[in-house]
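Chains as they are written, first to last, in this note's numbering: chain A, 79 to 439; chain B, 79 to 439.
We treat Cβ as the ideally placed atom computed from N, Cα and C, and that holds for glycine.
The structure presented is a predicted model; accordingly, all values stated were derived computationally and were not measured.
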C-alpha cells in the first residue's frame with residue numbers, strides 16, 4: 079500500500095556539458111541510455127521510485143525545451159505532472175516551485191527530490207532508504223539529505239559530516255557540508271567514518287521546506303507565496319512563465335541546507351554514482367577483457383587499455399596504442415581526450431562555440 | 079603537336095587497404111580527393127598526362143567493379159578506353175592486356191604505364207621527363223622505368239641501382255632492383271648517389287614489352303597471343319572475361335623488369351610520393367600551426383601534434399594529448415592508430431573481416 083501523501087520530484091533540467099559531445103544541448107545526459115541497458119538515466123530514475131511513490135504523484139521538473147523528450151521517454155506520466163521551467167535557475171527555485179505546487183494539491187504531503195542523471199545499482203536498498211526517510215521526515219520537522227557511505231577517497235564530490243547523536247536508524251544530525259576536498263583530505267574523510275558523499279537526494283514535508291525557504295531564501299519564497307492562489311489551477315503555468323525567470327539562480331544546498339539548523343542525513347550505501355564525469359562512467363561500466371569500456375559500438379583494440387568509447391550506431395572502432403582516453407563520437411563531433419584531462423571539456427565546448435557558433439553544441 | 083603513336087595506360091585497379099577505413103573496397107584511394115584539392119588522385123593522374131598524350135589514347139585499366147567510378151570521375155574518357163579486368167591479377171597481366179590492346183590499334187605505338195594513386199607535385203618536370211622517356215624508348219629497344227632521386231633514407235620503397243654508363247641525358251642502364259631496405263642500408267643508398275626510388279612508372283614500345291613478356295613470362299604472353307585476333311574488335315571483352323582470370327597474378331617488376339637485360343632507368347626529381355602510407359600522406363600534406371594535418375574536418379587540438387585526421391563531412395574533431403597518430407573516420411568505422419604502427423592496419427582489416435564479415439570493409 080503506497081502512502082497517498084508521498085510525492086517524488088525528479089529534477090531533469092541539466093544540460094550535461096561535461097559529457098559533450100556525447101551529451102548535447104538538444105539531448106543531455108539524463109535522456110541518453112548511458113549504460114547501454116535499454117533505459118535512459120531518466121527512465122531508470124523513474125522506474126526505481128515507482129514502488130515507493132504512485133506514478134500519479136511523480137513530478138518531473140525540466141526545461142521547457144525538453145518537454146518532448148520527457149513525454150517520449152515517460153509516456154505514462156500525465157502532462158500535468160511535468161513542470162516546465164521557462165529558464166534555468168539551479169535547484170532552489172526548481173524545488174520551491176515543486177513544493178508550492180504539491181502543497182496546493184496536498185498540504186500534508188511529503189516529498190523526495192532526486193536528480194535524474196545519477197546511477198543507483200542496488201534498487202532494493204534505495205527503496206528501503208526512501209521509505210525510512212519518509213517515515214522520519216513525516217514525524218519530524220526535518221530537512222533530510224541522503225549521504226552515501228564513501229568507498230574511496232573521491233575528490234569529485236562534496237561531503238557531509240555527521241554529528242555524533244543518532245536520531246533514528248542511520249539518521250544523524252548534519253554537522254557540516256564541505257566542498258570537494260583534495261586527495262589527502264579525502265583520505266582523512268574516508269578513514270574518519272564521519273564523512274559521507276552528498277547525493278543531492280533530499281526529503282522533507284512540503285511545509286518544512288516552504289518554511290525553510292521563507293526563512294533562508296525569502297527572495298525566492300516571496301515569488302511563490304505571491305502566486306500561491308495560482309498553483310494547482312489553470313493559471314499556474316502563466317504565473318511561472320512570468321515570475322520564475324525573476325528568481326535568482328542558486329542551489330538548494332547553498333540557499334537552505336548549509337544555513338538551516340534542522341538538517342539531517344540518512345547514511346546509505348545503495349551503489350550510488352553521480353556519473354558526473356567520464357572517469358566515473360568508466361568506473362561504473364562493465365569492461366571488456368582488454369580493460370576498455372565500449373558504449374554502443376564494436377571494438378577492436380591493440381595495445382590499448384583503460385579507455386572509454388562512447389560511440390553511436392554500432393560503429394566499428396579500431397584502436398592502437400591508446401591508454402586511459404575518452405573517445406566520444408556523436409556523429410558530427412569526435413572527441414579524443416585523456417581521462418586525466420577531462421576537466422578541459424568545458425573549455426573545449428567553449429572553444430567550439432567561439433570558433434563554430436552553436437553548430438556543434 | 080602531340081605524337082599520335084604515344085599512349086598512356088593508367089592502372090586503376092588497386093583496393094588501397096593500407097588506408098582503410100578512409101579508403102574502402104567500394105571506393106579505394108585513387109577515387110578519393112585525398113589531398114582536399116577538389117580532384118581525386120585518379121583525376122590528377124589523368125590531368126597531368128593530358129599535355130603529353132592525346133585523351134583519345136589514354137587508357138584506364140581497372141576492376142570491373144570500379145567502372146562507374148571511373149566514368150563518373152573521368153567523363154571525357156571514351157568507354158572503349160576503359161579496360162575492365164574481370165579479376166585482380168597484379169600488374170603484369172594488366173600491362174600485357176594493355177600492350178596487346180594498343181598493338182592491335184597501332185603496332186608502332188609506344189606507351190607510358192602509370193599508377194593512378196601517386197602524388198606528383200612538379201607537373202612540368204613530369205611532362206619533360208615523360209617526353210624524354212618517349213624519345214628514348216622510341217629509338218631504343220628499351221624497357222624504361224622512372225627512378226626518383228631520393229631525398230631521405232626511406233625504408234618503405236624499393237630502390238633501383240643505376241649502372242655507371244649513361245645512355246642519354248638522365249638515362250642509365252639498371253644495375254639491380256632492390257627490396258625495401260632497413261634504415262642503415264637506406265642511408266647508405268642515399269649517400270651513394272647510385273640508388274633511386276622505384277616509381278612504378280614504365281615506358282616502352284608495345285613491341286618491346288610484348289617481346290619481353292614472351293621471353294620472361296610466356297605463360298602470360300601465351301594467353302594474349304592466343305587472343306590476338308580479338309583485340310580491338312567487338313569480341314575482345316568476351317575473350318578477356320574468359321581468359322584473363324587464368325593468368326597468374328604477378329607484378330611486372332618480378333615477371334619482367336628484374337629478369338630482362340634491356341632495362342633502363344630515367345632518373346627524375348618531380349616531387350613524387352607513392353602515398354602508400356598514412357605517414358607519407360602526413361609528410362605531403364599542409365600542416366596547421368600545431369603540426370597536425372586535417373583532411374575535410376574542423377580541428378580543435380590541445381597538447382596534440384604530429385597527427386593526421388582524415389575525417390569526412392566537415393566533422394568537428396576535438397583532441398587532447400595525442401601525438402603522432404592517425405585518426406581516420408569513415409562514418410561507420412573509426413580508426414585511431416599510432417603512425418609508427420600503421421603496418422598493423424592490414425591486420426586490423428583482417429580482424430574486422432574475421433569478426434564482422436564484409437560489413438566494415
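Asked                                                                                                                                                                            : Found
Compare the C-beta of residue 422/B against all C-beta atoms of chain A and say whether one is closer than 8 Å.                                                                  : yes
Strictly by DSSP, which residues pair up with residue 407/B?                                                                                                                     : 389/B and 412/B
For the beta strand (DSSP E) containing residue 138/A, list its first residue and its last residue.                                                                              : 136-141
Within the chosen definition, does the segment 125-137 of chain B reach the segment 187-198 of chain B through at least 3 CB pairs nearer than 8 Å?                              : yes
Hey, is residue 393/A's beta-carbon within less than 8 Å of any beta-carbon in chain C?                                                                                          : Any reference to chain C falls outside this structure, whose protein chains are A and B.
Step through the CB atoms of chain B and report whether any lies within less than 8 Å of the CB of residue 428/A.                                                                : no
Between residue 362/B and residue 351/B, which are expected to be in contact by the criterion C-beta below 8 Å, what is the C-beta distance as a whole number of angstroms?      : 5 Å
Can you name the residues that DSSP bridges to residue 376/A?                                                                                                                    : 394/A
Would residue 398/B count as contacting chain A if we go by Cβ distances under 8 Å?                                                                                              : yes
Return the chain-ordered list of same chain residues with a C-beta closer than 7 Å to the C-beta of residue 400/B, the five sequence neighbours on each side being excluded.     : 382 and 385
Which residue from 394/A, 211/A, 285/A and 354/A puts its Cα closest to that of residue 346/A?                                                                                   : 211/A
For a contact defined as C-beta to C-beta under 7 Å, what are the partners of residue 407/A on chain B?                                                                          : 412
What is the DSSP secondary structure of residue 241/B, counted as helix, strand or coil?                                                                                         : strand
Given a cut-off of 8 Å, decide if residue 411/A and residue 99/A are closer than it, judged by their beta-carbon atoms.                                                          : yes
Quick one: grab the DSSP three-state call for residue 246/B.                                                                                                                     : strand
Does the segment 233-253 of chain B touch the segment 293-312 of chain B, meaning 3 or more C-beta pairs lie closer than 8 Å?                                                    : no
Could you check whether residue 389/A and residue 283/A sit closer than 8 Å to each other, using their CB atoms as the reference points?                                         : no
Span of the beta strand (DSSP E) holding residue 275/B?                                                                                                                          : 273-283
Spell out whether any CB of chain B is found under 8 Å from the CB atom of residue 389/A.                                                                                        : yes
My output table needs one value for residue 351/B: the three-state DSSP class, helix, strand or coil.                                                                            : strand
Pairing CB atoms from the segment 156-176 of chain B with CB atoms from the segment 311-331 of chain B, are three or more of them under 8 Å?                                     : yes
Scan the segment 306-340 of chain A and note each continuous alpha helix (DSSP H) run of 4 residues or more that stays entirely inside, going in chain order.                    : 314-321
Quick one: residues in its chain with C-beta nearer than 8 Å to the C-beta of residue 392/B, no 5 flanking neighbours on either side, listed in chain order?                     : 374, 375 and 376
Can you give the beta carbon distance from residue 276/A to residue 236/A, rounded, assuming they're within the 8 Å contact cut?                                                 : 4 Å
Less than 7 Å between C-beta atoms, sequence neighbours within five positions excluded: which residues of the same chain meet that for residue 369/B?                            : 383 and 384
Residues of chain B with CB closer than 9 Å to the CB of residue 248/A, please, in chain order.                                                                                  : Near residue 248/A there are no residues of chain B at all, since even the closest Cβ is about 42 Å away, more than 9 Å.
So residue 344/B packs on residue 224/B, CB below 8 Å; how close in whole Å?                                                                                                     : 5 Å
State buried or exposed for residue 334/B, treating a residue as buried only when at least 16 other CB atoms are found within 10 Å of its CB.                                    : buried
If the cut is a Cβ gap below 8 Å, which residues of chain B does residue 433/A touch?                                                                                            : 376 and 378
Can you list, in chain order, the residues of its chain with a C-beta nearer than 7 Å to that of residue 321/A? Leave out the 5 residues immediately preceding and following it. : 301 and 305
With a threshold of 8 Å between beta carbons, is residue 96/B in contact with chain A?                                                                                           : no
Taking the alpha-carbon positions, what's the residue 338/A to residue 260/A distance?                                                                                           : 26 Å
Hey, does residue 438/B have any beta-carbon neighbour from chain A nearer than 8 Å?                                                                                             : yes
Along the segment 193-217 of chain B, what residues have a CB closer than 7 Å to any CB found in chain A?                                                                        : none
Would you kindly report the start and end of the unbroken alpha helix (DSSP H) that includes residue 147/A?                                                                      : 145-151
Just checking: is the beta-carbon of residue 416/A within a distance shorter than 8 Å of some beta-carbon in chain B?                                                            : yes
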